[in-house]
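J.:
There are 2 protein chains.
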Amino acid sequence: MRKSIATVSLSGSLSQKLVAVAAAGFDGVEIFENDLLASPLAPEEVRARAADLGLAVEMFQPFRDFETDDADQLAANLRRAERKFAVMTRLGTDLLLVCSSVDPAAPADDARTAEQLRLLAERAAAHGIRIAYEALAWGRQVNTYDHAWRIVEKADHPALGTCLDSFHILSRGGDPAGIGQIPGEKIFFLQLADAPRTAMDVLQWSRHYRCFPGQGGFDVAGVVAAAVRAGYTGPLSLEVFNDVFRQADAARTAVDALRSLLVLEESAGLTSPPEPVVPTGFAFVELAAADPEPLRGLLTALGFVRTGRHRGGKPVELWEQGEARLLLNASALGVSSAPGEGPALVALGLESPSPEAAMRRAESLIAPVLPRRRRPEDVQLDAVAAPDGTELFFCATARPGLPDWRRDFTMAESWTKPGPAPLVTGIDHVALTQPWHRFDEASLFYPAVLGLRPGESLDLADPYGLFRSRAVADADGGLRIALNVAPGPGHEDGRPQHVALAVNDLGSVLRRLRASGVAMLPVPANYYEDLEARFVLPEAESAGLRELGVLYDRDEPGEFLHCYTATYGRLFFELVERRGGYRGYGAANAPVRLAAQHAGQLNGWSRTVID
Amino acid sequence: MRKSIATVSLSGSLSQKLVAVAAAGFDGVEIFENDLLASPLAPEEVRARAADLGLAVEMFQPFRDFETDDADQLAANLRRAERKFAVMTRLGTDLLLVCSSVDPAAPADDARTAEQLRLLAERAAAHGIRIAYEALAWGRQVNTYDHAWRIVEKADHPALGTCLDSFHILSRGGDPAGIGQIPGEKIFFLQLADAPRTAMDVLQWSRHYRCFPGQGGFDVAGVVAAAVRAGYTGPLSLEVFNDVFRQADAARTAVDALRSLLVLEESAGLTSPPEPVVPTGFAFVELAAADPEPLRGLLTALGFVRTGRHRGGKPVELWEQGEARLLLNASALGVSSAPGEGPALVALGLESPSPEAAMRRAESLIAPVLPRRRRPEDVQLDAVAAPDGTELFFCATARPGLPDWRRDFTMAESWTKPGPAPLVTGIDHVALTQPWHRFDEASLFYPAVLGLRPGESLDLADPYGLFRSRAVADADGGLRIALNVAPGPGHEDGRPQHVALAVNDLGSVLRRLRASGVAMLPVPANYYEDLEARFVLPEAESAGLRELGVLYDRDEPGEFLHCYTATYGRLFFELVERRGGYRGYGAANAPVRLAAQHAGQLNGWSRTVID
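Just so you know, the sequences run in chain order A and B.
The numbering of the first sequence is numbering that gives the first Met the number 0, which starts it at 0 and goes up by one.
The numbering of the second sequence is numbering that gives the first Met the number 0, which starts it at 0 and goes up by one.
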């Protein structure tokens, strides 16, 4: 179906918005009146600009508070409409959105509203213009789509139809099934927006918290499917008012927006893009550090062994232990050595049953494909950029019939092979702090592109603010990524990242680290007193946690023991022992961890640099 | 009454919070459990730290989900409570806040809840500890203060009382009158918070949007007055969860918090601080500019005349026209000449019927008093700093019996006196963009310290985000200040300011400016087409507006014509013609103005600097 977006969904001037919308690949736009009013471009110039960019002007919107019991006001409103018809003719669009009135003088009598809309449609038709009447969720008399449709039906004019809006329908708990009662040709337009499920005044919810389909909690696909079944053939058009998108880069937001429509078409059963190929685990995690020595020291203490270096001469080392594989990249491309920068996680190797099919899925959802300079003998590794810039490689480790990405690495003679009984058994999860204006994009990107399942969204308390956290994972827990975000701008410096390593016996790993002189993030004694108040733990176990500084959590199926290393630049490591089927990430302990990190008592990287 | 604050209301570590609370002048604190858990200080150390700072530990909080229909859980909860009693003894506090349970297993039977609380109180009493039972607004069974009190009454134990919380009472529309039914000695504690009036899920509202009394829409004073009438003698204690305060400087927030309690005591009729002395207008507006020449050019074109220079040799000039007086300060203290900085509004002279009494009021509300270096012969001018750093001088212009601040200025021989028929008649208003974390503070500061009336809070659309705007003004409109703010951090550079000059005939002023070659902010033609659609204006008037680039608004009593100069650093000027009793500020036109400013077509200051 044709894809469109309302200009109000993006930031910037009208010209900038049109360029961003066209560049992303949309077919058309709804011109939001305020964008036109603030533009130095005449309507004819906007029309020409859109045409040059290959964009149809699908609709002009909104025309507010038309219907009224006040006869003088009705005359004034018709006069106002005539002026807008003139603007629309110059703008090159034939469709005007009329929202149900919020005026106290809006007629309570449907027959009267229908009569007035019929009058408006007659006037519009004289200009070749059509009217799409929409029920605002907070309309004075008309606030449900079926009520708006009854009025349109009663008015019975060929230039009058209805506009459906998924937000207005679903925010009031409306059932989209009734859309089937509307003849398809009378659905003049379909506006789409999602929103997080929250109990909030519907006007505030609509003005500030809408998001693109798939980023919130509404069944937007159900609305689309119902409209298409009814015979709707117009565009799918996004209309999203959101405090974050208003501030973010328009070009980027437009791509995110188009991706949401592609996923929506698939969810509504209208298209069949390549299916997602869910990664089964981390093939590798790549860390970049201008000075890799402090990380080498830590990895060695943790029992990692350096097993290879890049054949092509790139300054990249492979470190392994159990199923955990880390690349240590000393070329540190794009990683400054300024304090707060330093070591960083730059790429994830995703273990894929079919890297090629995974890449086709990613491309079909316009994930940014990364160029890869390689020598002819290198293993072909395709990659896309995640919303926060992390590179995601689709690859295979020791899978029959697929090239092993480790062929690019060769073992140095002096280096050792990994031992048979690793302390670290694999990578439990990776946590990436997202830029504040990429969180919604990320929470659609990972499920849509990689087929990962989103978890619950949590608020975590930090001494200097709240963080939102949401995990995405495959069904078996082989690949888990925690996405964190601060609620607004101002926390962009050195967004923290961490790699959680899975161990079988956290106690022995910690005793080994202690013997190596590696300090771990301290846990306050008060934490253990509260822990013992909340849980009945065997005396020895409790004393062991306290002595080794281990954090503890429990859920229905199991237990979680974890602790943290010092911070290296933006990066730190967590050590994780999952017992039974514990499902979470120890979120209850995050405030204690964050407070200790803020206290800044332990910074492995800067200490090394300063010494 | 004693004044206290919950540590959760402030940012930082527990030690930092205690220091900030003591420095602001509070008498005590509620220790929020999570702050203790994350602290490396043992409870005894916290107790000693608080004692050294002169702070009482008024309460430990919260103890959650105590009452339950599950017998095993009840035993576990009593065990948990015993552990907390031990912590409290070490902490040196005898009061524990118990919130009504949100657990689905919370007893529906009041008798059972009372029996369990009585059991808890007996256990507590054995440690010399008392229990304050509070109804959370979202409690499962108990969610109103009168319900909590009925249970406390039924439990009938001397170590059990109730805790009242203004947020929990008022967010559910509770009537504080019922507080009179509770014996004062059974009100063990009184927690205070305000919140903006909004329809929102009460838990989200409470967690993110509470604010200090006087900054929201609740009648917090009514709750305080009712509790005091009932015989409550404990502390007034603030408990405010707020996403902004969590990120802002704790020392600053603590002062803002204490001010809110001082104002609250006055509103509740408990104290009589010096009354506010409402300023009647602007004595002057002081502009600082490292290079004042571009501003001199603009002021001259606007018809201002340079009437004096500072007697003490400071590089400050007085410019006058009608009742508008501007100081042009070339010493530019604290004003950098970097792009985006440059000229700025640094001080306001407030025309005060009694500068001395105004100062007493300000001091009583701990407004930061500014040191003033002056020579013995200078007029005494006292000043305080507004929340955004603007200096506010209390002064008198040509008032019998009071020294005129203009005595500090002397007229240069070559300069002229102002003409008899000024184009500019006075200062209509001043608009100051607040730092994002000072807006709540400012919206309490101006009404409390200066006695100005707050207006409605508006959301204005800018091409890159929404702005909140709220005006404060005296009853006669002689002094109006518009406070604007972006919704979060990230907009701190060059916060825009503007001075709106009142004129009698905007048309002649604009024609004069045009003749002088001064360009005004362009208004798009599309704006006028919409204006003519919205309003029926006489043809000549409409053409005049369009020709001169004037913005127009109308309300019940009158009309508003206005336009804007180029931007000089952070600063621009508005020219304003009010007709009839128009009450607003042309907010409907703000998006058009903001879009034109973003387009950056006109920057008087940098153009001059670059040329």
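Built from N, CA and C at the ideal position, the CB exists for glycine as well.
So which residues on chain B does aspartate 439 (chain A) lean against when the C-beta distance must stay under 8 Å?
T.: Within 8 Å Cβ-Cβ: nothing; aspartate 439 (chain A) doesn't reach chain B, min ~15 Å.
J.: Give the interface partners of valine 591 (chain A) over in chain B, defined as CB-CB distance under 8 Å, in chain order.
T.: By Cβ distance, chain B contributes Leu36 and Ala37.
J.: For serine 236 (chain B), which residues in the same chain have their Cβ closer than 8 Å to its Cβ, ignoring the five residues on either side in sequence?
T.: Cβ within range, chain order: Lys2, Ser3, Ile4, Ala5, Gly27, Glu29, Glu57, Met58, Phe188, Leu189, Gln190 and Leu191.
J.: Just how far apart, CA to CA, sit alanine 337 (chain A) and glutamate 292 (chain A)?
T.: A caution first: alanine 337 (chain A) carries a pLDDT of 47, below 50, which makes its placement in the model unreliable, though a value can still be read off. Their Cα atoms are separated by approximately 16 Å.
J.: Residue range of the beta strand (DSSP E) that tyrosine 563 (chain B) falls in?
T.: Note, tyrosine 563 (chain B): beta strand (DSSP E), 557 to 567.
J.: Tell me the residue span of the alpha helix (DSSP H) that contains arginine 510 (chain B).
T.: Residues 505 to 514.
J.: Evaluate aspartate 595 (chain A) with the Cβ neighbour count: other Cβ atoms within 10 Å of its Cβ, from every protein chain shown; 16 or more gives buried, anything less gives exposed.
T.: Residue identity check: residue 595 (chain A) is alanine in the sequence provided, not aspartate. Alanine 595 (chain A) comes out buried.
J.: For isoleucine 178 (chain B) and aspartate 504 (chain B), what's the separation of their Cα atoms in angstroms?
T.: So the alpha carbons of these two residues sit roughly 58 Å apart.
J.: Buried or exposed: which applies to glutamine 496 (chain B), given that a residue is buried once 16 or more other Cβ atoms fall within 10 Å of its Cβ?
T.: Glutamine 496 (chain B) comes out buried.
J.: Are there 16 or more other CB atoms within 10 angstroms of the CB of glycine 268 (chain B), so buried, or fewer, so exposed?
T.: Classification for glycine 268 (chain B): exposed.
J.: From the DSSP output, read off the bridge partner residues of alanine 460 (chain A).
T.: Partner(s): A:Leu465.
J.: Taking 7 Å as the cut-off, decide whether the C-beta atoms of leucine 119 (chain B) and isoleucine 130 (chain B) are in contact.
T.: Yes, the Cβ-Cβ distance between leucine 119 (chain B) and isoleucine 130 (chain B) is below 7 Å.
J.: Need the endpoints of the alpha helix (DSSP H) that leucine 84 (chain B) sits in, please.
T.: This sequence places phenylalanine at residue 84 (chain B); leucine is not what is there. From DSSP, the alpha helix (DSSP H) with phenylalanine 84 (chain B) extends over 70 to 90.
J.: Check tryptophan 318 (chain A) in the structure and name its three-state DSSP category.
T.: Three-state result, tryptophan 318 (chain A): strand.
J.: Give me the chain B residues within the contact set of tyrosine 526 (chain A), using Cβ-Cβ distance strictly less than 9 Å, ordered along the chain.
T.: Residues of chain B passing the Cβ test: Leu36 and Ala37.
J.: Which residue from A:Arg196, A:Lys16, A:Ala105 and A:Leu202 puts its Cα closest to that of aspartate 458 (chain B)?
T.: The candidate whose alpha carbon is nearest that of aspartate 458 (chain B) is A:Leu202.
J.: Residues in the region 552 to 571 of chain B with C-beta within 8 Å of chain A's C-beta atoms, listed in sequence order?
T.: Residues passing the 8 Å Cβ filter: none.
J.: Can you give me the Cβ contacts of arginine 258 (chain A) inside the same chain, cut-off strictly under 6 Å, excluding the 5 residues immediately before and after it?
T.: The answer, listed in chain order, is Leu364 and Ile365.
J.: In chain B, which residues lie less than 8 Å from alanine 594 (chain A) when you measure between Cβ atoms?
T.: The contacting residues are Ser12, Ala37 and Ser38.
J.: For proline 61 (chain B), decide whether its Cβ has a neighbour in chain A, counting only Cβ atoms nearer than 7 Å.
T.: It does not; no Cβ of chain A falls within 7 Å.
J.: Out of A:Ala346, A:Val448 and A:Asp381, which has the shortest C-alpha to C-alpha gap to alanine 288 (chain A)?
T.: Residue A:Ala346 is the option with its Cα nearest to alanine 288 (chain A).
J.: Cβ closer than 7 Å: which chain A residues qualify as neighbours of glutamine 115 (chain B)?
T.: By Cβ distance, chain A contributes nothing, its closest Cβ being about 18 Å from glutamine 115 (chain B), past 7 Å.
J.: Output, in chain order, the set of chain B residues within a Cβ distance shorter than 7 Å of valine 86 (chain A).
T.: What valine 86 (chain A) touches in chain B: Glu528.
J.: Evaluate the contact criterion for the region 146 to 158 of chain B versus the region 104 to 119 of chain B: three or more CB pairs, one atom per stretch, below 8 Å.
T.: Touching, per the Cβ criterion.
J.: Using a beta-carbon distance cut-off of less than 8 Å, what residues from the region 46 to 70 of chain A approach chain B?
T.: From the region 46 to 70 of chain A, no residue has a Cβ closer than 8 Å to chain B.
J.: Below 7 Å CB to CB, which residues in the same chain sit around alanine 226 (chain A) once its five sequence neighbours on both sides are set aside?
T.: Cβ neighbours of alanine 226 (chain A) beyond the five flanking positions: Leu163, Ile178, Ile186 and Leu189.
J.: Among all the DSSP beta bridges, which residues are the ones paired with glycine 476 (chain A)?
T.: Looking at the DSSP assignment, glycine 476 (chain A) forms no beta bridge with any residue, so it has no partner.
J.: Hey, does tyrosine 33 (chain A) have any beta-carbon neighbour from chain B nearer than 7 Å?
T.: Reading the sequence as shown, one finds asparagine at residue 33 (chain A) and not tyrosine. Closer than 7 Å to some Cβ of chain B, the Cβ of asparagine 33 (chain A) qualifies, so yes.
J.: List the residues of chain A whose Cβ lies closer than 8 Å to the Cβ of lysine 2 (chain B), in chain order.
T.: Those within 8 Å of lysine 2 (chain B) in chain A number zero; the least Cβ separation is about 23 Å.
J.: Drop a sphere of 10 angstroms on the beta-carbon of arginine 510 (chain B), count the other beta-carbons inside from all chains shown, and report buried for 16 or more, exposed for fewer.
T.: Flag for arginine 510 (chain B) reads exposed.
J.: Excluding the 5 residues flanking arginine 63 (chain A) on each side, which residues of the same chain have their C-beta closer than 7 Å to its C-beta?
T.: The answer, listed in chain order, is Cys98.
J.: Work out the CA separation of serine 351 (chain B) and cysteine 562 (chain B) for me, nearest whole Å.
T.: If I take the Cα positions, the gap works out to 29 Å.
J.: Run through chain A and tell me which residues come within less than 7 Å of arginine 533 (chain B), C-beta to C-beta.
T.: What arginine 533 (chain B) touches in chain A: Arg79.
J.: In three-state DSSP terms, what is asparagine 241 (chain B)?
T.: Strand at asparagine 241 (chain B).
J.: Closest to arginine 479 (chain B) by CA distance: which of B:Ala485, B:Pro453 and B:Ala447 is it?
T.: Checking every option, the nearest Cα to that of arginine 479 (chain B) belongs to B:Pro453.
J.: Are three or more beta carbon pairs between the region 306 to 320 of chain B and the region 524 to 538 of chain B nearer than 8 Å?
T.: Judged by Cβ distances under 8 Å, the region 306 to 320 of chain B makes no contact with the region 524 to 538 of chain B, as fewer than three pairs qualify.
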